[in-house]
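Q: Heads up: the protein sequence lines correspond to chains H and Z, in order.
What the first sequence shows, in our numbering, is residues 104 to 216, in sequence order.
What the second sequence shows, in our numbering, is residues 917 to 1031, in sequence order.
Ideal Cβ placement from N, Cα and C applies to all residues, glycine included.
Predicted model, so just to flag it, every value in this text is computed and none were measured.
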Amino acid sequence: DAKTTQPPSMDCAEGRAANLPCNHSTISGNEYVYWYRQIHSQGPQYIIHGLKNNETNEMASLIITEDRKSSTLILPHATLRDTAVYYCIVRVAEGGSQGNLIFGKGTKLSVKP
Amino acid sequence: NAGVTQTPKFRILKIGQSMTLQCAQDMNHNYMYWYRQDPGMGLKLIYYSVGAGITDKGEVPNGYNVSRSTTEDFPLRLELAAPSQTSVYFCASSLAGGRSTDTQYFGPGTRLTVL
């Protein structure tokens, strides 16, 4: 089972920041937080991941709370093409045996004009 | 690079028929995965492989078989198709498996209907 809790859906206005929350209260010290998204009918796409420090790349920023029990994915200027289901995933890395991803139901983000 | 490719894109099977879903990657990745996604749900792992000649079961392996004779290819075999196998199937690959730097790349999926 997924070890994360996400709201089932969110709306965001085009051009505004989209802040997607994720709770992972049982996360272990050696587990990373990963974010993927799935645009309708396509395969999932990697966005970003982190352990305990905040991370930023060309797609998004990831803010992880100090106790690591929750995180927020930030899309700084959402566009209509960001409409997708966003999955927050925790998994063991650095020695994990198989590396597979355990997907929950994710958050359906709808970006509106 | 083509990335991860899957064929066919769509298929309709009758109950009891068999078929092979093809998956190939040209990124020289060691790890490959098969997931299925039922409507409105997240993906579930069927089988995975950490290299040529090595495969192992995931969360939902029943009714499926895999082989990994080359680094590039990871076909998924359905024997005796059942309506419960109606789903979208995604193949993925990654370079480093359990490493923190690992990123999985997904194919476009195969939509399978069993009637």
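1) If I'm right that Lys211 of chain H touches Pro147 of chain H with Cβ under 8 Å, what's the distance once you round it to whole angstroms?
2) Answer yes or no: does any C-beta atom of chain Z fall closer than 8 Å to that of His143 of chain H?
3) Using CA coordinates, which residue listed in Z:Asn978, Z:Thr923, Z:Arg984, Z:Leu959 is at the minimum distance from Ser965 of chain Z?
4) Should Met948 of chain Z be flagged as near chain H, meaning a C-beta pair shorter than 8 Å?
5) Could one say the Cβ of Pro216 of chain H lies closer than 8 Å to chain Z's Cβ atoms, at least one of them?
6) Check the Cβ-Cβ distances between Ser147 of chain H and every residue of chain Z, and say whether any is below 8 Å.
7) Give the residues of chain Z in contact with Asn203 of chain H, contact being defined as C-beta atoms less than 7 Å apart.
8) Candidates H:Cys115, H:Thr107, H:Gln109, H:Lys106: which alpha carbon is nearest Thr182 of chain H's?
9) Please state the DSSP three-state secondary structure of Ser164 of chain H.
10) Within 10 Å of its beta-carbon, does Gly198 of chain H have 16 or more other beta-carbons around it, so buried, or fewer, so exposed?
11) Between the stretch 936-951 of chain Z and the stretch 131-145 of chain H, do three or more beta carbon pairs fall short of 8 Å?
12) Taking Gln1020 of chain Z as the reference, give the member of H:Ala163, H:Asn203, H:Lys208 with the closest Cα.
13) In whole angstroms, give me the CA-to-CA distance for Arg993 of chain Z and Ile928 of chain Z.
14) Between Lys215 of chain H and Glu117 of chain H, what straight-line distance do the alpha-carbon atoms span, to the nearest angstrom?
15) Could you say which of Z:Ala1012, Z:Val1030, Z:Val1004 lies nearest to Gly1023 of chain Z if we only look at CA atoms?
16) Residues in the same chain with beta-carbon distance under 7 Å from Gln1001 of chain Z, minus the five sequence neighbours each way, listed in chain order, please.
17) Residues in its own chain within less than 8 Å of Gly919 of chain Z by CB, not counting five upstream and five downstream?
18) Restricting to Cα atoms, I'd like to know which of Z:Ala998, Z:Cys1007, Z:Gly958 is closest to Val982 of chain Z.
19) On a Cα-Cα basis, can you pick out the residue from Z:Ile931, Z:Val976, Z:Asp954, Z:Phe990 that is closest to Ala968 of chain Z?
20) When you compare the CB of Lys106 of chain H with every CB in chain Z, is at least one pair closer than 8 Å?
21) Using a beta-carbon distance below 8 Å, is Gly118 of chain H in contact with chain Z?
22) My guess is that Asn133 of chain H and Lys172 of chain H are in contact by the Cβ rule of under 8 Å, so how many angstroms apart are they, rounded?
A: A quick look at the data gives this:
1) Contact between Lys211 of chain H and Pro147 of chain H does not hold, since the beta-carbon distance rounds to 14 Å and is not under 8 Å.
2) Closer than 8 Å: no.
3) Comparing Cα-Cα distances from Ser965 of chain Z to each of Z:Asn978, Z:Thr923, Z:Arg984, Z:Leu959, the minimum goes to Z:Arg984.
4) It does not; no Cβ of chain H falls within 8 Å.
5) Residue-level contact by beta carbon fails for Pro216 of chain H and chain Z, as no gap is shorter than 8 Å.
6) Correcting the residue type first, residue 147 of chain H is Pro in the shown sequence and not Ser. Proximity of Pro147 of chain H to chain Z, defined by a Cβ-Cβ separation below 8 Å, is satisfied.
7) The CB of Asn203 of chain H comes closer than 7 Å to the CB of Tyr949, Leu961, Tyr964, Gly974 in chain Z, given here in chain order.
8) Closest by alpha carbon: H:Cys115.
9) If DSSP states are grouped into helix, strand and coil, Ser164 of chain H belongs with the strands.
10) Per-residue confidence for Gly198 of chain H stands at a pLDDT of 47, beneath the threshold of 50, marking its modelled position as unreliable; no derived number is given.
11) No contact exists between the stretch 936-951 of chain Z and the stretch 131-145 of chain H.
12) Ranking the options by Cα distance to Gln1020 of chain Z, first place goes to H:Asn203.
13) Using only the alpha carbons, I get a separation of about 15 Å.
14) Just so you know, the alpha carbons of Lys215 of chain H and Glu117 of chain H end up roughly 6 Å apart.
15) Minimum Cα distance to Gly1023 of chain Z is reached at Z:Val1004.
16) Non-local C-beta neighbours of Gln1001 of chain Z in its own chain, meaning closer than 7 Å and more than five positions away in sequence, comprise Gly979, Leu994, Leu1028, Val1030, ordered along the chain.
17) Taken in chain order, the residues that qualify are Gln941, Asp942, Met943, Tyr1021, Gly1023.
18) Each of Z:Ala998, Z:Cys1007, Z:Gly958 was checked against the Cα of Val982 of chain Z, and the nearest Cα belongs to Z:Cys1007.
19) Nearest to Ala968 of chain Z by alpha-carbon distance, out of Z:Ile931, Z:Val976, Z:Asp954, Z:Phe990, is Z:Phe990.
20) For Lys106 of chain H, the answer is no, since every Cβ of chain Z falls outside 8 Å of its Cβ.
21) No - not a single Cβ of chain Z is within 8 Å of the one on Gly118 of chain H.
22) Not quite, the Cβ-Cβ distance comes to about 15 Å (not below 8 Å), so this is no contact.
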